[in-house]
Every structure is written in structure tokens, then in C-alpha cells.
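Each protein sequence line maps, in turn, to chains A and B.
Take the working numbering: the final residue in the first sequence is number 280, and no numbers are missing along the way.
Take the working numbering: the final residue in the second sequence is number 175, and no numbers are missing along the way.
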Amino acid sequence: EAQVTQNPRYLITVTGKKLTVTCSQNMNHEYMSWYRQDPGLGLRQIYYSMNVEVTDKGDVPEGYKVSRKEKRNFPLILESPSPNQTSLYFCASSHQGTNEKLFFGSGTQLSVL
Amino acid sequence: AQSVTQLDSHVSVSEGTPVLLRCNYSSSYSPSLFWYVQHPNKGLQLLLKYTSAATLVKGINGFEAEFKKSETSFHLTKPSAHMSDAAEYFCVVTLMGGSARQLTFGSGTQLTVLP
């Protein structure tokens, strides 16, 4: 089954404790991206990747890192989480870019205390 | 710059009545426009997509949307609401053939369907 898998589904952490949210897709997609969803703001893009070893900032990249060492994986790293990063995070992928259908993961609800 | 405005944060309809979710966009260039749906505790799912072919776009689950360039609108409609349509809906704009960064989501419309 074609899917985007995010883990964990829920995460509670404390300020400053490094964490990684994993994202994996099994569709051989070139494009992957991360979004955060906050009430009343819709989804905002954090980072995206056009292919292996090619990443770029979205609209709200501060406080986040990503890597794309393999085509299928695109982890989101918070080196020193802060409470304002409490949010619902989604990973998405598509064959080649944003003009195509995006496949979304089920989301990761992160709470930073 | 591009932007998307969803004109209603909440819409409530009775089952069996029409649905209208409104979306206006601003884009300097020819846009691609999408509607995505998000059911509770789920990721987003594509409903339909406009990319400059027919201005009336048919999507899944009986939804359709009409691209009106003169009004810069891309409203989502469905003739008869079903209980399973209750969800949050997002209008999305991106530049046709543009960079991967320029994908803009609206703030969402929560659709409630009353029995």
C-alpha cells in the first residue's frame, strides 16, 4: 500500500531535549516536505526536499533541521525544542513537486513543556 | 507573492443540503489550485485539483470546484451533504510550474453536517 509513515504519532517532551520525528514514503517520490499545523493558520511549510541531498527552507524553518540521505526518508530534527514548537506536524510527499498530488502522513502531535 | 483566503472558518449544513466552501486566491502568475480534506486525526487527502484545463473540476466523493479567473475564486461545492463529509477543508494555491517552495494553504474551513 502506498503510504507516508510518520513516527511517533504523539510526543511529549521538555524544553531543550533534542528530538527527531521520522518520515518515510514507499512510493519512490522525489519531493518530500514538512508542515506544521496550528489553529487558524492552516499548514505552513517548514522544509522541503526535491531529491536526495537537496533540501531548502520553507516559510517557518527556524528551530528545525532536516536531512535527506535516502530517497524514502526525510526526518525532522528539533535540536533544542521550545514551547512555541508545540504543534501538529505533517510530512508529505509527491512524485516531483507541489503541482502534483501530495500524500500526507497521519501527523505527529508534539507538545513541548 | 501568492495568498489564499478561505472566507468562512466554519460552515454548518444539514444532511442532504448543498455545500459551499469559499476560497479566494491571489497570485501574480497562473496558479494551480487544490482542495484537500482532513478528517479528524488523519492526514490531508486530495479532493480535487485545477491546473488550467477545464475550469470546472470534479473531485472525489461528489465534490467539484469552479475556477473563476475574473473573480479569483475557486469555491468548493457539493449538491447534497453527507454526514461523512464533516471535516476540515483546505484550499491550496501553488504556481503552475513554479518553485517547490511556493505552496500556500488557506486557514481551513470546518464543515459540520447536521442530521
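For each residue, glycine too, the CB sits at the ideal point set by N, CA and C.
Distance check for residue j and residue i, CA to CA, integer angstroms please.
i: N121(B); j: E75(B); result: 15 angstroms
i: Y96(B); j: T172(A); result: 19 angstroms
i: N102(B); j: S273(A); result: The question names Asn, but residue 102(B) is Lys in the sequence shown. Between K102(B) and S273(A), the C-alpha separation is close to 5 angstroms.
i: P175(B); j: K138(B); result: 17 angstroms
i: E229(A); j: I244(A); result: 11 angstroms
i: R235(A); j: D68(B); result: 38 angstroms
i: G264(A); j: E220(A); result: 16 angstroms
i: P175(A); j: C190(A); result: 9 angstroms
i: C258(A); j: R82(B); result: 26 angstroms
i: S72(B); j: K238(A); result: 42 angstroms
i: Y202(A); j: S140(B); result: 32 angstroms
i: Y110(B); j: V117(B); result: 6 angstroms
i: K224(A); j: Y214(A); result: 5 angstroms
i: Y177(A); j: T253(A); result: 11 angstroms
i: Q212(A); j: P78(B); result: 32 angstroms
i: P100(B); j: A125(B); result: 23 angstroms
Mind checking whether residue i and residue j have CB atoms under 8 angstroms apart?
i: G207(A); j: S86(B); result: no
i: L107(B); j: F123(B); result: yes
i: L93(B); j: H135(B); result: no
i: Q98(B); j: E131(B); result: no
i: T182(A); j: P248(A); result: yes
i: T115(B); j: N266(A); result: no
i: F150(B); j: L210(A); result: yes
Can you list, in chain order, the residues of its chain with a C-beta nearer than 6 angstroms to that of residue i? Leave out the 5 residues immediately preceding and following it.
i: M199(A); result: S216, F241 and S260
i: T65(B); result: N84
Check for me: the beta strand (DSSP E) holding residue i runs from which residue to which?
i: D223(A); result: V221 to K224
i: P91(B); result: P91 to Q98
i: E126(B); result: E124 to K128
i: N174(A); result: V171 to N174
i: N70(B); result: Looking at the sequence shown, residue 70(B) is not Asn but His. From DSSP, the beta strand (DSSP E) with H70(B) extends over H70 to S74.
i: I120(B); result: Looking at the DSSP string, I120(B) is not in any beta strand (DSSP E), and its letter there is neither H nor E.
i: Y231(A); result: That residue, Y231(A), is in no beta strand (DSSP E); it is neither H nor E in DSSP.
i: Q204(A); result: Y198 to D205
i: K138(B); result: S133 to K138
i: M217(A); result: G209 to N218
i: A114(B); result: Premise fails: A114(B) is in no beta strand (DSSP E) and is neither H nor E.
Skipping 5 residues on each side, what residues in its chain have a beta carbon closer than 7 angstroms to that of residue i?
i: A146(B); result: L171, T172 and V173
i: E246(A); result: K185 and K232
Given residue i, which residues of its chain have a CB within under 8 angstroms of its CB, disregarding the five upstream and five downstream residues?
i: V152(B); result: V64, L93, F94, W95, Y96, L163, T164, F165 and G166
i: L280(A); result: I179, T180, V181, T182 and P250
i: F270(A); result: A169, Q170, V171, Q192, M194, H196, A259, S260 and S261
i: A61(B); result: S86 and S88
Practice task
Identify each residue in the stretch 91 to 105 of chain B for which the Cβ-Cβ distance to at least one residue of chain A is less than 9 angstroms, and report them in chain order.
Solution key: Legend: CB atoms of the stretch 91 to 105 of chain B lying less than 9 angstroms from CB atoms of chain A belong to residues S92, F94, Y96, Q98, N101, K102, G103, L104 and Q105.
Handout entry: Interfacial residues, the stretch 107 to 123 of chain B to chain A, with Cβ spacing under 8 angstroms
Key = Those residues of the stretch 107 to 123 of chain B that come within reach of chain A (Cβ to Cβ, closer than 8 angstroms) are K109 and T111.
Problem - Contacting positions in the stretch 73 to 84 of chain B - beta carbon closer than 8 angstroms to chain A - result: From the stretch 73 to 84 of chain B, no residue has a Cβ closer than 8 angstroms to chain A.
Problem - Against chain A: residues of the stretch 127 to 155 of chain B by CB proximity under 7 angstroms - result: For the stretch 127 to 155 of chain B, which is checked against every Cβ of chain A, the residues closer than 7 angstroms are F150 and T154.
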